Amino acid sequence: MSTTVLRAQNIIKYFTEPEKFQVLKGVEFEVMKGEFLSIIGKSGCGKSTLLYILSTMDTDYEGLLDIRGERLTGKTQNELAAFRNEHLGFVFQFHYLLPEFSALRNVMLPALKLGKYAPQEIEERAMDKLRLVDMHSFALKFASKLSGGQQQRVAIARALINDPDVIMCDEPTGNLDKANSQKVYEIFRRLTRENGQTIIAVTHDPDFANGCDRIIEMEDGKIVNASHTK
Amino acid sequence: MNWKLVFQIAVTHLFTKKRQSLVAMLGVTFGISMFIIMISFMTGVNQFLEDMAMDNTPHVRLYKPIEIHDRKIIAESNKDAKNWFVVTHQKPKNELPRIKNGFRIMQQIEAMPEVLGVAPQVATQVFFNNGPVQIPGNIAGVDVKKQAALFGLDKKMDFGDVYDLMKGSDVVIMGKGLAAKMGVKLGSRISITTPSGNNLSLKVVGIFSFGIATYDESRCYATIPTVQKILQKDPSYVTDLNIKLHDINNAVPFRLKLESIYKEVYFEDWEKANAGILAGDKIRNILTAVVCATLLTVAGFGIYNIMNMNIINKMKDIAILKATGFQGRDITGIFLMQSLMIGIAGGILGIGIGFFFSYLLSITPFPEATFFRIKTFPVNFLPIHYIAGLLFGFITTLFAGYFPSRRAAKIDPVQIIRG
Ligand SMILES: Nc1ncnc2c1ncn2[C@@H]1O[C@H](COP(=O)(O)OP(=O)(O)OP(=O)(O)O)[C@@H](O)[C@H]1O
Ligand SMILES: [Mg+2]
Numbered sequence: 001m002s003t004t005v006l007r008a009q010n011i012i013k014y015f016t017e018p019e020k021f022q023v024l025k026g027v028e029f030e031v032m033k034g035e036f037l038s039i040i041g042k043s044g045c046g047k048s049t050l051l052y053i054l055s056t057m058d059t060d061y062e063g064l065l066d067i068r069g070e071r072l073t074g075k076t077q078n079e080l081a082a083f084r085n086e087h088l089g090f091v092f093q094f095h096y097l098l099p100e101f102s103a104l105r106n107v108m109l110p111a112l113k114l115g116k117y118a119p120q121e122i123e124e125r126a127m128d129k130l131r132l133v134d135m136h137s138f139a140l141k142f143a144s145k146l147s148g149g150q151q152q153r154v155a156i157a158r159a160l161i162n163d164p165d166v167i168m169c170d171e172p173t174g175n176l177d178k179a180n181s182q183k184v185y186e187i188f189r190r191l192t193r194e195n196g197q198t199i200i201a202v203t204h205d206p207d208f209a210n211g212c213d214r215i216i217e218m219e220d221g222k223i224v225n226a227s228h229t230k
Numbered sequence: 231m232n233w234k235l236v237f238q239i240a241v242t243h244l245f246t247k248k249r250q251s252l253v254a255m256l257g258v259t260f261g262i263s264m265f266i267i268m269i270s271f272m273t274g275v276n277q278f279l280e281d282m283a284m285d286n287t288p289h290v291r292l293y294k295p296i297e298i299h300d301r302k303i304i305a306e307s308n309k310d311a312k313n314w315f316v317v318t319h320q321k322p323k324n325e326l327p328r329i330k331n332g333f334r335i336m337q338q339i340e341a342m343p344e345v346l347g348v349a350p351q352v353a354t355q356v357f358f359n360n361g362p363v364q365i366p367g368n369i370a371g372v373d374v375k376k377q378a379a380l381f382g383l384d385k386k387m388d389f390g391d392v393y394d395l396m397k398g399s400d401v402v403i404m405g406k407g408l409a410a411k412m413g414v415k416l417g418s419r420i421s422i423t424t425p426s427g428n429n430l431s432l433k434v435v436g437i438f439s440f441g442i443a444t445y446d447e448s449r450c451y452a453t454i455p456t457v458q459k460i461l462q463k464d465p466s467y468v469t470d471l472n473i474k475l476h477d478i479n480n481a482v483p484f485r486l487k488l489e490s491i492y493k494e495v496y497f498e499d500w501e502k503a504n505a506g507i508l509a510g511d512k513i514r515n516i517l518t519a520v521v522c523a524t525l526l527t528v529a530g531f532g533i534y535n536i537m538n539m540n541i542i543n544k545m546k547d548i549a550i551l552k553a554t555g556f557q558g559r560d561i562t563g564i565f566l567m568q569s570l571m572i573g574i575a576g577g578i579l580g581i582g583i584g585f586f587f588s589y590l591l592s593i594t595p596f597p598e599a600t601f602f603r604i605k606t607f608p609v610n611f612l613p614i615h616y617i618a619g620l621l622f623g624f625i626t627t628l629f630a631g632y633f634p635s636r637r638a639a640k641i642d643p644v645q646i647i648r649g
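So the protein sequences, as listed, match chains A and B.
So the first sequence is numbered by our numbering: it starts at 1 and just counts up by one.
So the second sequence is numbered by our numbering: it starts at 231 and just counts up by one.
Following this line, the structure appears as C-alpha cells:
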C-alpha cells in the first residue's frame with residue numbers, strides 16, 4: 001500500500017552570508033504517501049532551511065529532490081510555482097497572509113490561480129476549509145485584523161485548499177493554545193488517514209510530535225535519529 | 231494566465247492604497263491635461279496666424295518684376311565696332327510691371343484642375359495726401375467678387391460693404407490704420423498722387439482691417455477699372471495674378487509647373503512669401519512637443535517611483551503569492567495592470583480637465599482684440615489630440631510600470647519568507 005511520495009537524496013546547503021558555512025550536511029530520507037511525519041531538533045539546526053528546499057522554494061542546494069515521482073531538482077521557477085500550486089500546501093513558520101484580502105479570499109487565491117473549479121465552487125470549498133479550522137465566522141474579516149493564532153489557522157486552511165498531496169508546515173501550532181493545537185493535530189491526522197495526504201511538520205511541541213507516525217530528529221544539519229512512534 | 235484574478239488582485243492593491251494611487255494618477259492627469267491645453271492652444275494659434283496670413287496670401291503669385299537686362303542697346307546697335315562700351319550705372323528700361331496677355335493667362339490657369347480660382351490685380355504705389363503731408367501707400371485694383379470669394383475681403387470689413395466698390399467709380403475702401411492716420415471716415419473724400427504725378431480725388435466707401443499692419447496701414451482697394459483709370463492704362467493692364475489652389479501643400483510643385491509653361495513672368499509660392507510664419511509654426515510646434523514630453527516624463531517618473539515603492543512595500547505579499555503558486559508573469563501582470571489602470575484613469579481625467587480648461591480659454595476674450603481680428607483666444611478642439619493624450623498616458627505608464635513590475639517578478643520568495 002505504501003508508495004514513496006517524497007524522496008530527498010543527499011541534500012547539502014550552504015549559506016554564504018556572512019561567511020560560507022554548511023547548514024545541511026547530506027540529508028537523506030523518504031516519506032510515504034499518507035504518512036504524518038514530524039521533524040524535530042534544536043533551534044538553528046536547519047529544520048526550516050530543509051523545509052524550504054523540500055517545498056521547492058529554495059533551489060540553491062546540492063542533492064536531489066523528487067516528489068510524486070517527479071524530479072524537481074533543476075526545474076525552472078515557473079514550473080516549480082505551478083507544481084507548488086497544485087501539489088503542495090505550505091504553512092510558514094511566521095503566518096503569512098495577504099493583509100489587504102479577507103480570510104476567505106486568502107484561502108481562495110491559490111485555488112483561483114489553479115482554476116480547476118469555478119469561483120463559486122472555490123468559495124464554498126474555501127468556506128469548508130475555514131470551518132475545518134474553526135475560522136468560518138471570521139471569513140470576511142481582513143487578514144490584517146486577525147490575531148496571530150487566527151492567522152495561522154487561516155494559513156492552514158489555505159494550505160489545504162487545492163487538496164495537495166503533501167502539506168508542509170513549519171511549526172503549525174507555534175502560536176496556538178493547547179485546545180487549538182489539539183484541533184490542528186486532529187485535522188492533520190484525519191487528512192493523512194482519510195485522504196491519504198502526506199504531512200511533514202517541523203515542530204517543537206513534544207505532544208504533537210509524539211502523535212505522528214514518524215519523527216525525524218535533526219542535529220547540526222544532519223538526521224541523527226528517525227524513529228516510528230509507538 | 232488568469233487575467234481576471236490578476237485584475238482583481240491589482241484592483242485590491244490599488245484600492246487599499248488609495249492615497250498613493252491617487253497621487254500617481256494625478257501626476258498623469260496633470261501631464262495629460264497640460265498636454266491637451268498646450269497643444270489645443272498652440273495649434274489654435276498656429277491655425278489662426280496661418281489663416282490670417284493665408285487669407286490674403288495667394289498660394290502662388292504671378293507677377294512681372296522690374297529688372298535690369300543684360301542687353302546693352304549701345305552694344306547691339308554697334309555690332310561691328312571693335313570698341314569697348316562701358317556703361318556705368320545702367321537704368322532699367324521704362325517698362326511697366328504689366329503682365330502681357332494677363333487676362334488670357336488668367337483664363338488658362340483658371341482652367342487647370344488644381345486651381346480653385348485666380349484673382350487679377352492691378353497694384354500701384356501712390357501718395358495719400360493728408361493736407362501738406364504725403365503718406366506713402368498703395369492701391370490695389372481687384373475683381374471684387376473674386377477677391378471676396380478667394381481671399382475673404384468681404385469678411386474683413388469694419389465699416390461699409392465691399393460690394394459698394396462696384397457701385398461707383400472713383401471709390402475705394404481703406405485700411406483701418408491708414409484711415410486713422412488720415413482722419414478719414416466713411417464717405418470722406420481723399421486726394422492721392424500717382425507715381426506719374428497726377429492728382430485725383432477718391433471717395434472712401436469702406437474701412438477694412440486684416441490685423442496685419444503692413445496691409446492695414448498702407449493699403450486701399452478699388453476695382454480694376456478704377457485703378458486702371460488712375461494709372462491711365464488700357465483695360466488689359468494687369469500686374470498680378472493671385473492664384474488659390476485646392477490643396478495648399480501643392481503650391482511648390484504647381485509653381486514649378488507654371489514656371490515651365492510661362493517663361494516671361496515670375497512666380498512666387500506662399501511658402502517663400504511666408505517663410506517667417508512657417509518658422510514661427512515650427513518653433514511653436516517644437517515648444518509644444520518639448521513641454522509635453524517633459525510633463526509626461528515627469529509624470530512617468532512619478533509613476534515609476536510610486537510603483538517601486540509599492541513593490542518594496544509589497545515584498546511579503548509577492549513572496550506569499552509566489553510561494554502559493556503564482557508565477558513570475560502573474561506578478562508582472564498584477565503590478566503592470568495597476569500602473570496601467572493609474573495611467574488610463576489619469577489619462578481620462580486628464581483629457582476631461584484638459585478639455586474643460588481649453589474650453590474656458592476658448593471663451594476668454596482676447597486682450598488685443600482691437601488689433602487682431604479675433605474675439606477670444608484661438609483654441610483647436612481636435613479629437614486626434616485627445617486620442618494622442620490618452621495614448622501618451624497609456625504608453626508612459628506602460629513604460630514606467632514595466633521595469634518595477636519586472637523587478638517584482640524576479641523577487642526570490644525564500645529570501646523574504648526566511649526573514
Ligand atoms: N538567510 C540566512 N543566511 C545565513 N544564515 C542563515 C540564514 N537563514 C538561516 N541561517 C542559519 O542557518 C541555520 C539554520 O537555520 P534554520 O532557520 O533552518 O533553523 P531552524 O532549525 O528552523 O531553527 P528554529 O527552530 O529556531 O526555527 C541557523 O544557524 C541560521 O542562523
Ligand atoms: Mg525554523
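Here a beta-carbon is modelled for each residue, glycine too, at the ideal position from N, C-alpha and C.
Please read these numbers as outputs of a predicted model, since none were measured by experiment.
Apart from the five residues just before and just after residue i, which ones in its own chain have a Cβ nearer than 7 angstroms to its Cβ?
i	result
residue 373 of chain B	349, 350 and 454
residue 636 of chain B	562
residue 445 of chain B	286 and 405
residue 565 of chain B	537, 541, 631, 634, 635 and 638
Rounded to a whole number of angstroms, what is the C-alpha to C-alpha distance between residue i and residue j?
i	j	result
residue 20 of chain A	residue 145 of chain A	40 angstroms
residue 525 of chain B	residue 268 of chain B	11 angstroms
residue 458 of chain B	residue 492 of chain B	24 angstroms
residue 542 of chain B	residue 26 of chain A	35 angstroms
residue 496 of chain B	residue 385 of chain B	30 angstroms
residue 155 of chain A	residue 91 of chain A	6 angstroms
residue 10 of chain A	residue 29 of chain A	9 angstroms
residue 203 of chain A	residue 58 of chain A	20 angstroms
residue 343 of chain B	residue 251 of chain B	59 angstroms
residue 729 of chain B	residue 590 of chain B	The first residue shown for chain B is 231 and the last is 649, placing residue 729 of chain B beyond what the model contains.
residue 187 of chain A	residue 149 of chain A	16 angstroms
residue 364 of chain B	residue 316 of chain B	39 angstroms
residue 14 of chain A	residue 53 of chain A	12 angstroms
residue 16 of chain A	residue 23 of chain A	10 angstroms
residue 327 of chain B	residue 621 of chain B	55 angstroms
residue 75 of chain A	residue 552 of chain B	15 angstroms
Are the Cβ atoms of residue i and residue j separated by less than 8 angstroms?
i	j	result
residue 624 of chain B	residue 574 of chain B	yes
residue 703 of chain B	residue 96 of chain A	Residue 703 of chain B is absent from the model: chain B starts at 231 and stops at 649.
residue 113 of chain A	residue 235 of chain B	yes
residue 107 of chain A	residue 132 of chain A	no
residue 195 of chain A	residue 110 of chain A	no
residue 166 of chain A	residue 88 of chain A	yes
residue 46 of chain A	residue 221 of chain A	yes
residue 460 of chain B	residue 438 of chain B	no
residue 353 of chain B	residue 469 of chain B	yes
Once you ignore the five residues that flank residue i on each side, which residues in its own chain have a CB closer than 8 angstroms to its CB?
i	result
residue 339 of chain B	292, 345, 348, 471, 473 and 488
residue 478 of chain B	284, 289 and 500
residue 192 of chain A	34, 35, 36, 198, 199 and 213
In the DSSP output, what is residue i paired with across the bridge?
i	result
residue 15 of chain A	A/21
residue 168 of chain A	A/90 and A/200
residue 499 of chain B	B/290
residue 438 of chain B	B/387 and B/405
residue 226 of chain A	A/216
residue 606 of chain B	B/595
residue 62 of chain A	A/12
Got a sec? Which residues, its chain only, sit under 6 angstroms from residue i by beta carbon, not counting five neighbours each side?
i	result
residue 619 of chain B	262, 265, 266 and 581
residue 216 of chain A	39, 223 and 226
residue 181 of chain A	173
residue 534 of chain B	630
residue 530 of chain B	626 and 630
Quiz prompt | Residues of the stretch 553-578 of chain B whose Cβ lies closer than 8 angstroms to any Cβ of chain A, in chain order | solution = Answer set for the stretch 553-578 of chain B: 553, 554, 555, 556, 557, 558, 559 and 560.
Quiz item: Taking a cut of 8 angstroms between CB atoms, which residues from the stretch 107-122 of chain A lie near chain B?
Solution: Within the stretch 107-122 of chain A, the residues whose Cβ lies closer than 8 angstroms to some Cβ of chain B are 109, 110, 112, 113, 114 and 115, listed in chain order.
Practice problem: Taking a Cβ distance cut-off of 8 angstroms, strictly less, list which residues of the stretch 636-649 of chain B are near chain A, in chain order. | Solution: Taking a C-beta cut-off of 8 angstroms against chain A, the contacting residues of the stretch 636-649 of chain B are 643, 644, 647, 648 and 649, listed in chain order.
Quiz item: Relative to chain C, which residues along the stretch 528-549 of chain B have a C-beta separation below 8 angstroms, given in chain order?
Solution: Protein chains A and B are contained in the structure displayed, whereas chain C is not.
Practice problem: Compile a chain-ordered list of the residues in the stretch 231-244 of chain B whose CB is closer than 9 angstroms to at least one CB of chain A. | Solution: Cβ proximity to chain A below 9 angstroms picks out 232, 234, 235, 238, 239, 242 and 243 from the stretch 231-244 of chain B.
Quiz item: When Cβ atoms are compared, which residues of the stretch 240-270 of chain B fall closer than 8 angstroms to chain A?
Solution: Residues 242, 243 and 246.
Practice problem: Closer than 7 angstroms, Cβ to Cβ, to anything on chain B: give me those residues from the stretch 48-69 of chain A, in chain order. | Solution: For the stretch 48-69 of chain A, which is checked against every Cβ of chain B, the residues closer than 7 angstroms are 52, 57 and 58.
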